[in-house]
Amino acid sequence: SVQIKEPERNKKAVEYFRVNQHRLQLGNVGIELIKKNGQKAQVSDIQNINQKIDLWTGIITSEFTLEGTPVKVWTASFQNSDKIGVKIESDLVKQKRLKVFVKYPYPSGQFLDEAAFYGNADKHSTRIVSSNSTQGLIEHQLQTADYFTQLYFTDGKLNEAGKHYFVYEPSSKNKTVELSVEFSEKNQKTSKSLFVDAEKESISGWKNFWESGAAVDFEGSTDKRANELERRIILSEYLTKVQCGGSNPPQETGLTFNSWYGKPHTEMHWWHGVHFALWGRPEILEKQLDYYFRSFEKAKKLAERQGYKGVRWIKMSDNDGNESPSSVAAFLIWEQPHLIYMTELLYRHNKDKKVLEKYKDLVFATAEFMADFATYDKEKNRYNLGKGVIPAQEVFPAKDTYNPTYEVAYWDWALKVAQQWKERLGESRDKKWDDVISKLAPLPVQDGVYLSTESAKDSFTFPKWMTDHPAVLGALGMVPESPKLDKKIMKNTLDIVWERWNWGHTWGWDFPMTAMTAARLGLPNKALDALFMNIQTNTYLKNGHNFQDGRLRIYLPGNGGVLTTVAMMLEGWDNSTGEFPGFPKDGSWKIKAEGFEKMP
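960 is the number of the first residue of the sequence shown in my numbering; add one for each residue after it.
Pasting the structure below:
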């Protein structure tokens, strides 16, 4: 559905479905501090702040002082429930000047929702269902959402301190207190658990994570970038496990705050999820693929509505696959082959026929749409993609655009893989798919370089066409080499993109994508230069997050891109030769690696 912007009534209707359904912040948990004069402490009153996370155990330790009195807080997450455990140690507890609050925000309905909007207090309700000296249960009702917050604590009481604001007041017997806070859809009795229980689960869960899958060590390298690359890798592993390891395709800012109204974007699923399989943790990726089963019927109806066979995966949706209106998303197509790519990675992991049986209906329906979407040009005896598409480089207008290079290459590869699935299952090849494969438009070339799209003859002279994602490079990088592609021409394309692109108007995953292209072209030094390009959107903060701008302070496709690219540079790709083919062989990199999977 396109995003109608007038008349006003239609605009409001479209905006409603653009915003809803969306990810909901269940509640905010924090500490309320009271100064000696009885007033609530403000941010400026907090001094000597020191906070760190132990990546091996997942435990956060926070230390600070209030008016000279130390406070130390340990926080850990339970691994199989929406629950945290907290331990606090401070004389402020004994002095009744430290409380723990649970506060319920209201969704802002904006593009960016940081879960800090406390207006519209009369539009939702909260109440204490039960409480005693060691537990308290709160119910929160917000439109169709009705859920519970269960607190367990060592000793004290739970009070309602304001509208949608509840505080746990510890008893003053000692200076240490433990508690747990759990959010759940149902009012179900759970066993009492405190920080010590969360600590055990966290230590065990993270130990299992770090001791599974792949690992790399650059110790002894003389390239000054080695330590920074290792830092980005380790922090990205942690961040993507926490933010992108759930049962749905993640949104681009994960669980930290809502962006794009809290909607997952399926075209980003490749960047969020592929690395899990390449790092030997395919089970994390597979957990998310249930989304495609849940949304299958809606994707099928979308294809039918547009006159196509098969399923057209929805670019911007909620966790149930409901479509969100967008004047860009409605015309994107590069998300369509992702399902084939991701399930192929699952199959390659151990060549298990059960994977083929489980996902064949999804793969074949995806390929059926892709073949039907291609339009036949009788005059040139070929199939085209478009007009009526917006490529991954979103600056091109749908009405004029056809045969974007990256999408054509990806279409070709994915349809061939779908045919391989047919053969592995003992089925006949699909004749229509073969016809499209054999007659799919060639990758558009002009003056010895690949164009961004066949319709943009001025791809590298018109300034606007040299902004946003340099997706033309994805035709060899994200997409494996194919007979349709000439590596010499792609080398020329990489050179002209490198020289002319407006890199200040790019996104975090553009740098890993460029690095993958360079690696496949046998240019390891250039691959590293791409990974470390000094551009704002290629910034990795102290906490490991990929910073874009003041609005998108975190951007997880960048983190996933780093992990995917490093895996590919280390383990290689089908038909690559030698050890660590994406790294220089000049002795500047000392590498130990294990557990990686080859990229297609």
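Positions of the beta carbon are idealized from the N, C-alpha and C atoms, including for glycine.
Could you give the DSSP three-state label for residue i: helix, strand or coil?
i	result
L1096	strand
V1032	strand
K1450	helix
Y1250	helix
L985	coil
S1397	helix
R1184	coil
Q1102	coil
M1275	strand
F1506	strand
M1437	coil
T954	In the structure displayed, the chain extends from 960 to 1559; residue 954 sits before or after that span and is not available.
A1526	helix
Y1267	coil
S1003	helix
W1230	helix
Looking only at its own chain, which residues have a Cβ that is under 6 Å from the Cβ of residue i, when we skip the five neighbours before and after it?
i	result
N1146	F1107
Y1342	A1333, Y1335, V1395, K1398, L1399
W1587	Because residue 1587 is not part of the residues shown, which for the chain are 960 to 1559, the question remains open.
D1561	Beyond the ends of the chain as shown, which are 960 and 1559, falls residue 1561; an answer cannot be given.
L1101	H1083
Beta-carbon within less than 7 Å of residue i's beta-carbon, same chain only, minus the 5 sequence neighbours each way: which residues are those?
i	result
G1517	G1467, W1468, N1505
K995	E1026
I1494	W1462, G1463, T1465
F1235	P1241, I1243, L1244
T1496	T1465, W1466, G1467, Q1507
A1258	V1270, R1271, W1272, I1273, G1280
K1560	What is shown of the chain runs 960 to 1559, which leaves residue 1560 out entirely.
F1142	L985, G986, D1041, Y1106, T1108
From residue i to residue j, what distance separates their C-alpha atoms?
i	j	result
F954	E1189	Only positions 960 to 1559 of the chain appear in this structure, which leaves residue 954 out of reach.
I1299	D1545	37 Å
R1086	H1099	7 Å
G1433	M1472	6 Å
G1078	K1062	12 Å
H927	D1277	Since the displayed the chain opens at 960 and closes at 1559, residue 927 lies outside it and no answer follows.
K1055	V1002	19 Å
K1134	I1012	23 Å
L1529	Q1202	25 Å
W1015	Q1210	25 Å
Q1507	L1291	22 Å
K1274	K1260	14 Å
W1165	I1192	16 Å
A1035	E1048	15 Å
I911	V961	A query on residue 911 cannot be resolved here, the shown segment of the chain reaching from 960 to 1559 and no further.
A1326	R1253	18 Å
N1340	P1540	39 Å
F1470	K1423	19 Å
K1446	P1401	14 Å
K999	E1196	38 Å
A1526	E1553	10 Å
P966	A1330	36 Å
E1440	L1374	14 Å
E1170	G1204	17 Å
S1547	W1457	24 Å
T1302	G1531	19 Å
E1413	K1310	38 Å
A1288	K1312	34 Å
L1500	E1187	11 Å
N1217	E1073	6 Å
F976	G1095	36 Å
If we define contact as Cβ-Cβ less than 7 Å, is residue i a contact residue for chain B?
i	result
T1093	The question asks about chain B, but that chain is absent: this structure has only one protein chain.
Quick one: residues in its chain with C-beta nearer than 8 Å to the C-beta of residue i, no 5 flanking neighbours on either side, listed in chain order?
i	result
Q1076	Just to set this straight, residue 1076 is Phe in the shown sequence, not Gln. If we look at F1076 and ignore the five residues flanking it on each side, its Cβ neighbours are P1064, Y1065, P1066, S1067.
T1199	H1231, H1234, F1235, L1515, N1518, G1519, L1522
Item to check | Sequence ranges, beta strand (DSSP E) only - wholly within the stretch 1113-1167, length at least 3 | outcome: 1115-1121, 1124-1129, 1135-1143
Checklist entry - Using 8 Å as the Cβ pair cut-off and three pairs as the minimum, do the stretch 1471-1489 and the stretch 1445-1453 touch? => result yes
Item to check | Length at least 4, wholly inside the stretch 1304-1388: the alpha helix (DSSP H) runs in chain order | outcome: 1312-1332, 1364-1383
Checklist entry - Does the count of Cβ pairs from the stretch 1039-1053 and the stretch 984-992 closer than 8 Å reach three? => result yes
Checklist entry - Going along the chain, which unbroken runs of the alpha helix (DSSP H) with 4 or more residues stay wholly within the stretch 1447-1497? => result 1469-1479, 1483-1490
Next on the checklist: Any contact between the stretch 1355-1372 and the stretch 1380-1391? By contact I mean 3 or more CB pairs, one from each, below 8 Å.
Outcome noted: no
Checklist entry - Residue ranges of each beta strand (DSSP E) run of no fewer than 3 residues wholly in the stretch 1024-1087, ordered along the chain? => result 1028-1036, 1042-1048, 1057-1062
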